[in-house]
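> As numbered in my numbering, residues 797 to 1097 make up the sequence shown, in order.
The beta carbon of each residue, even a glycine, is placed where N, CA and C say it ideally should be.
Submitted below is the structure of interest, expressed as structure tokens.
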Amino acid sequence: MGFDVTWHPISQREIRRWYFDRLAESAAGNLSTINAILEEQKPGREAGYEEFCRKAYRDLLRQGAGIGPDEPFDKTHSYLLAMVQGLFRTYFYTRGGIFSGLVATDPAMAAYTVSFQTIVGDRFGGQMLSRISENYSGGVFIPESAIPRLLADYESGKIENQLKLCFGGTLPVFLKALVYAKSHRLGLLEATEVVEPNPLNLEATVCRSYLMNCDQDGVLLYAETAKRQLAEAARQAGEAPDKVQAVRQVYQLHTAPPAPPEPEPPARAEKAGKEKAPPARPVKKAEPKRKGFFGRLFGGK
């Protein structure tokens, strides 16, 4: 079973301000601070999808406000928080590479994390693991104070083997996320299945946040690795690699994920002059050749 893991740079202050402190206001229909945050962050404005992102943010908060007190925290609030972060800022993707699993096998690695109970207190009654135990979930949080120490301990060799064992070929992407978080004085939230790339057809990628904020490197690496492994399997089976087809399976355990916000269909939204969803397929327009499909899909520069 594989996990589509994303890494979301965010501070503890932003965790509270962007999400947890807004839930009661959302339930009461008080949008003043919510709208102020949207004005500050301007999500989607650069690419022309600001109304889509604004609606998605309000919908995610509304959904969070309706979560019952006994619902599992990691499958609900932590997961929704990751989606919210993805609306506002760059985030990173690794296929596999679960820090939660590393903590489970090497408890000393827990020293680089902090529980959500420390951040938000006892206001939520549901089970709060602060780690990934199944698909569609939030995971560990590496606080901003631990990011420089984690990087330094890797560079000194102290935890190099542990991270290599955990992340394998995706380690450069995780290190890139750590460097980004350090440079912006942020922590890192782990989540799974916020983005579900189809490595054999990137146009079929599923995103429950804002795809254009997802860093390209990890998804490209996953696609290249999947195609290489498929070609090798075909050769070993005596078949032509270009004739082989594969079905990608995603496993879901126990409970369904929170439903993503439902924006208006693009045609309807454009007609109304309101929300315009990011394209599911690339926009075909003249661009430098070095961008290719993925640059268009992700809005990269």
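1) Using only alpha-carbon positions, find the residue among Ala900, Ala861, Leu946 that is nearest to Gly793.
2) When you compare each of Thr886, Phe799, Thr966, His804 to Leu1016 by their alpha carbons, which one comes out closest?
3) Our contact map puts Trp803 next to Phe937 with C-beta atoms below 8 Å; I'd like the distance itself, whole angstroms only.
4) Measuring straight from C-alpha to C-alpha, what distance separates Gly798 and Pro993?
5) With distance defined between alpha-carbon atoms, name the residue in Gly934, Asp902, Leu961 nearest to Pro868.
6) List the DSSP bridge partners of Thr988.
7) DSSP state of Val916, grouped into three classes?
8) Exposed or buried, which one is Ala987 when buried takes at least 16 other CB atoms within 10 Å?
9) Please report the straight-line C-alpha distance between Leu856 and Arg850, rounded to a whole angstrom.
10) Tell me the residue span of the alpha helix (DSSP H) that contains Arg858.
11) Can the beta-carbon of Ile943 be found less than 8 Å from the beta-carbon of Lys978?
12) What's the C-alpha gap between Ser952 and Thr914?
13) Between the stretch 906-921 and the stretch 824-839, do at least 3 Cβ pairs fall closer than 8 Å?
14) Can you tell me whether Phe869 is helix, strand or coil according to DSSP?
15) Using a 10 Å radius around the Cβ and a threshold of 16 neighbouring Cβ atoms, would you call Leu898 buried or exposed?
16) To the nearest angstrom, report how far apart Gln837 and Pro903 are at their CA atoms.
17) Leaving out the 5 sequence neighbours to the left and right, which residues in its chain are closer than 8 Å to Gly892 when beta-carbon positions are compared?
18) Under a three-way DSSP split, which group does Thr1001 fall into?
19) So Ala926 packs on Ser911, CB below 8 Å; how close in whole Å?
20) Below 8 Å between beta carbons: does that hold for Pro995 and Lys1023?
21) Count the other CB atoms within 10 Å of the CB of Gly844; is the residue buried (16 or more) or exposed (fewer)?
22) By alpha-carbon positions, which one of Tyr1006, Tyr853, Ala1019 ends up nearest to Arg818?
23) What do you reckon, are the CB atoms on Asn997 and Arg885 nearer than 8 Å?
24) With a CB to CB cut of under 8 Å and the five nearest residues on each side skipped, what residues in its chain are close to Thr1021?
25) How far does the alpha helix (DSSP H) with Arg945 in it reach, from first residue to last?
26) When you compare only the Cα positions, how much space is there between Gln808 and Glu940?
27) Alpha carbon to alpha carbon, what distance is there between Glu847 and Gln958?
28) Taking 7 Å as the limit between beta carbons, can you name the residues of its chain near Ile806, skipping five residues before and five after?
29) Taking all protein chains shown into account, decide if Gly921 is buried (16 or more other Cβ within 10 angstroms of its Cβ) or exposed.
30) Identify, in the order they occur along the chain, each residue of the same chain with its Cβ nearer than 8 Å to the Cβ of Arg812, setting aside the five sequence neighbours on each side.
31) Specify the secondary structure class of Tyr1018 as computed by DSSP and reduced to three states.
Let me spell this out:
1) The question about residue 793 has no answer, for the chain in this structure spans 797 to 1097.
2) Taking only the C-alpha atoms, the option nearest Leu1016 is Thr966.
3) At roughly 11 Å, the Cβ-Cβ gap does not stay under 8 Å, so Trp803 and Phe937 are not in contact.
4) Rounded to the nearest angstrom, the two C-alpha atoms are 12 Å apart.
5) When C-alpha distances from Pro868 are compared across Gly934, Asp902, Leu961, the shortest belongs to Gly934.
6) Beta-bridge analysis with DSSP links Thr988 to Val801, Ser933.
7) Here Val916 sits in helix by DSSP.
8) Buried: at least 16 other Cβ atoms inside 10 Å.
9) C-alpha separation (whole angstroms): 10 Å.
10) For Arg858, the uninterrupted alpha helix (DSSP H) run begins and ends at 846-861, by DSSP.
11) In this structure, Lys978 lies closer than 8 Å to Ile943 by Cβ.
12) Each residue's CA atom was taken as its position, placing Ser952 and Thr914 some 29 Å apart.
13) As far as the Cβ criterion goes, the stretch 906-921 does not touch the stretch 824-839, which means the pair count is below three.
14) Reduced to three states, the DSSP call for Phe869 is coil.
15) With 16 or more other Cβ atoms inside 10 Å of its own Cβ, Leu898 counts as buried.
16) So the alpha carbons of these two residues sit roughly 37 Å apart.
17) Hits under 8 Å: Gly798, Phe799, Val801, Phe963, Gly964, Thr966.
18) In the three-state reduction of the DSSP assignment, Thr1001 falls in the coil class.
19) Ala is not the amino acid found at residue 926; the sequence shown has Ser there. The Cβ separation is near 5 Å, so the contact holds.
20) Cβ distance < 8 Å, so Pro995 and Lys1023 count as in contact.
21) Exposed is the call here.
22) Selected option, being the one with the closest Cα: Tyr853.
23) In this structure, Asn997 lies away from Arg885, with their beta-carbon atoms at least 8 Å apart.
24) In chain order, Arg891, Gly965, Pro995 place their CB closer than 8 Å to the CB of Thr1021, counting only its own chain and leaving out the 5 sequence neighbours on each side.
25) In the DSSP assignment, Arg945 falls within the unbroken alpha helix (DSSP H) covering 943-951.
26) Those two C-alpha atoms are separated by around 8 Å.
27) Taking the straight line from one Cα to the other gives about 42 Å.
28) The beta carbon of Ile806 sits closer than 7 Å to the beta carbons of Gln881, Leu982, Gly983, Leu985 from its chain, once the five residues preceding and following it are set aside; these are given in chain order.
29) Under this definition Gly921 is an exposed residue.
30) Ile915, Val916, listed in sequence order.
31) DSSP places Tyr1018 in helix when its eight states are reduced to three.
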